[in-house]
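Peer 1:
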Amino acid sequence: MRQIWKPFRALYFASLMMLIGSGLLSTYLALRLAADHVDSLWVGALMAANYFGLVLGGKIGHRLIARVGHIRAYSACAGIVGAAVLGHGLVDWLPAWIVLRMIVGLGMMCQYMVIESWLNEQADAKQRGVVFSGYMIASYLGLVLGQLILVMHPSLGLELLMLVALCFALCLVPVTLTRRIHPAALHPAPMEPRFFIKRVPQSLSTVLGSGLIVGSFYGLAPLYASQQGLSTEQVGLFMGSCIFAGLLVQWPLGWLSDRYDRALLIRCFALVLTICALPLAILPTVPLEVLFVAGFFCSLVQFCLYPLAVAFSNDHVEADRRVSLTAMLLVTYGVGASIGPLVAGVLMKMFGSQMLYGFFAFFALVLVWRIRPKAVTNLHQVDDAPLHHVAMPDSMSSSPLVACLDPRVDEQVVQEQMQTPINPEVEPEPATETAAEAEVQDPEPPSFTQARP
C-alpha cells in the first residue's frame, strides 16, 4: 500500500479536497435555506441542478480537455467552481443559485475526468483495483469530513462558503505543481441506450432507483434533519454518520456479492431499505436516538444498490462493451439523481418532512417488485461470472472515465474505444439481440436462477 500511495497521493489529496468542499456545500445550502424557511422544493431543485451539471459536464469535459489539455482544463474548472461557490454569498436570488449550482456540478465533473484519466495513466494494469479503492476511500472520506466541519463550525455564515472555496483552491495545488506529462487524451465512451435497455433492464432499473434515492438523500436529508429539530452540529453528525455507513458497507458487500446471486441481493437490500425507512416515513417526529440509528441503517443499505447493479450488469455484458456500459450506468444514475430531489422536495412541501423517507421506502419497494431473480435468462452471461465485485463510489464523485480504473474493464478495450480517434464518417453497426435477453423479464420465466460458480 505504501508503494501505491506514494505516486498517487497528490491526486488523492486533490480528490479529498474537492469532496470536502462538495459535501460541505450541499449540506450548507440545505441548512441555509431551512434557516430562511424556504420551501423544500427549492432545496431539491438545487441538488437536481447539481446533478444536471454533472451529466452535462460528462459531455463537455472531453472537448475542453482535448482543446486546452488536462492541467489547464482542471485549473480553469477549479477557478470557475470556486467563483460559483462564492457567488452564493453575493446573490440571494434563488434562480441564480440554481444556475450557480449547475455550474459547480459541471466544473466538478471536468475535474473528475482529469483526475481519473491521470490515475489511469499512472496505474499499472495489476494495480488498478487497489488504485481504484484508494480513490473511492478518498471520495467517501472527503464527503464525511465535509459534514464534520459543520460540527466544529456550526454557524451558517459566509465563512463556510469561504471554506468551500478554500478547498477548491487547495485542490489546484497538487495538480498544477506536477512534473508529470499530460495523460493521453480520452474520447467520450460510445453510448448504446437501446442495446443496454434490452440487455440489462434490471440493472438499469436499480441504478435509476439508486439515483432517485441517493440524490434525494444528499440534497434533502440535511433539511429533514433540521426540521426534526436537530442543531447544525447534530445535522453534521447525522450526515457524516450516514455517509460513513456507505464507506463501511463496501467491503462486506463485496464478500456477499462474490458469493451470492446479485439479483437476489439487490431485491433483499431494497426490501431491507423499505423496512428501515418506514419508521422515519410514518412518524412526523422521531427521537434523536431512533433518527441516528434508522438513518445509519438506511444509508448502509441504500449505498449498496449502485455497486451491486454495476456488478450485476457487468456479468451480462461482453468485455468490449463495458466502457459503454459504464457511461450508460452513470448517465442513468444522473437522470435519477436529477429527478429525485425535485419529486421528494414537492412531497416534503405538501405532506411534511417525513415524506423524504416515505419516498425512499416507495422506490425501494418498486425495486423489490421490479427485480426478479428467476427472470434472469443468463443467455448472455459472461463465462467468468460473477466477476470480481469492485466497491464503487456513487456518480456524485466519479465521471464516465471511471471505466478506465475499473479492473473489470479490459485495459486494451479502454485504449481502443477511448484513445483511438473516432471516424465520424463510419456509422456503428446497430446492436442485435436474440429473442430472450440476458436480464429481460419473460412472461413465463425459466425455472432456474442465475448460475453461480
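Using the UniProt record's numbering, you'd call the opening residue of the sequence shown number 1 and step up by one each time. We treat Cβ as the ideally placed atom computed from N, Cα and C, and that holds for glycine. Quick caveat: nothing in here was measured; it's all calculated off a predicted structure.
1. Rounded to whole angstroms, what is the Cα-Cα separation between Ile-282 and Leu-172?
2. Just verifying my parser: in three-state terms, what is the DSSP assignment at Glu-429?
3. How would you write the range of the alpha helix (DSSP H) that Lys-374 sits in, first residue to last?
4. Output the distance between the C-alpha atoms of Glu-289 and Val-207, rounded to the nearest integer angstrom.
5. Which of helix, strand or coil does DSSP assign to Gly-69?
6. If the criterion is Cβ atoms closer than 8 Å, does the pair Ser-22 and Gly-146 meet it?
7. Within the chosen definition, does the region 305-321 reach the region 193-208 through at least 3 CB pairs nearer than 8 Å?
8. Would Ala-66 be called buried (16 or more neighbouring beta carbons within 10 Å of its own) or exposed?
9. With a Cβ-Cβ cutoff of 8 Å, do Leu-148 and Gly-246 count as a contact?
10. Below 8 Å on the Cβ atoms is my guess for Cys-167 versus Ile-20; work out the distance and round it to an integer in Å.
11. Any idea if Pro-443 is buried or exposed, counting beta-carbon neighbours within 10 angstroms, 16 or more meaning buried?
12. From what residue to what residue does the alpha helix (DSSP H) around Ser-338 run?
13. DSSP three-state call for Cys-268: helix, strand or coil?
14. Please state if the CB of Ile-275 and the CB of Ile-371 are separated by a distance shorter than 8 Å.
15. Would you decide whether Val-301 is buried or exposed? Buried here means 16 or more other CB atoms lie within 10 Å of its CB.
16. Along the alpha helix (DSSP H) that carries Ala-133, what are the first and last residues, could you check?
17. For the alpha helix (DSSP H) that contains Pro-222, what are its first and last residues?
18. When burial is assigned at 16 or more other CB atoms within 10 Å of the CB, is Trp-251 buried or exposed?
19. Can you give me the C-alpha to C-alpha distance between Phe-359 and Leu-177, rounded to a whole angstrom?
20. Might you give, ordered along the chain, the residues of its own chain that have their beta carbon closer than 6 Å to the beta carbon of Tyr-357, omitting 5 neighbours on each side?
Peer 2: Quick look at the numbers:
1. One C-alpha to the other measures close to 45 Å.
2. Residue placement at Glu-429 is poorly supported in this model, since its pLDDT is 44, which falls under 50; the coordinates still yield a value, given next. Reduced to three states, the DSSP call for Glu-429 is coil.
3. Where Lys-374 is concerned, there is no enclosing alpha helix (DSSP H), given that its DSSP letter is neither H nor E.
4. So the two alpha carbons sit approximately 31 Å from each other.
5. Coil at Gly-69, not helix or strand.
6. Yes. Within cutoff.
7. Here the region 305-321 makes contact with the region 193-208; the two share three or more CB pairs at distances below 8 Å.
8. That one is exposed.
9. Taking 8 Å as the Cβ cut-off, Leu-148 and Gly-246 do not qualify as a contacting pair.
10. The Cβ separation is near 5 Å, so the contact holds.
11. Residue placement at Pro-443 is flagged as unreliable, the pLDDT there being 42, under the threshold of 50; a coordinate-derived value is accordingly withheld.
12. Per DSSP, Ser-338 belongs to the alpha helix (DSSP H) from 322-351.
13. Secondary structure at Cys-268: helix, using DSSP grouped into helix, strand and coil.
14. In this structure, Ile-275 does not lie closer than 8 Å to Ile-371 by Cβ.
15. Val-301 comes out buried.
16. Ala is not the amino acid found at residue 133; the sequence shown has Ser there. Secondary structure note for Ser-133: its alpha helix (DSSP H) is the uninterrupted segment 128-152.
17. Unbroken alpha helix (DSSP H) run through Pro-222: 201-227.
18. Burial check for Trp-251: the Cβ neighbour count within 10 Å stays below 16, so the residue is exposed.
19. Rounded to whole angstroms, the separation of the alpha carbons of Leu-177 and Phe-359 is 45 Å.
20. Here the set comprises Ala-277, Leu-280, Ala-281.
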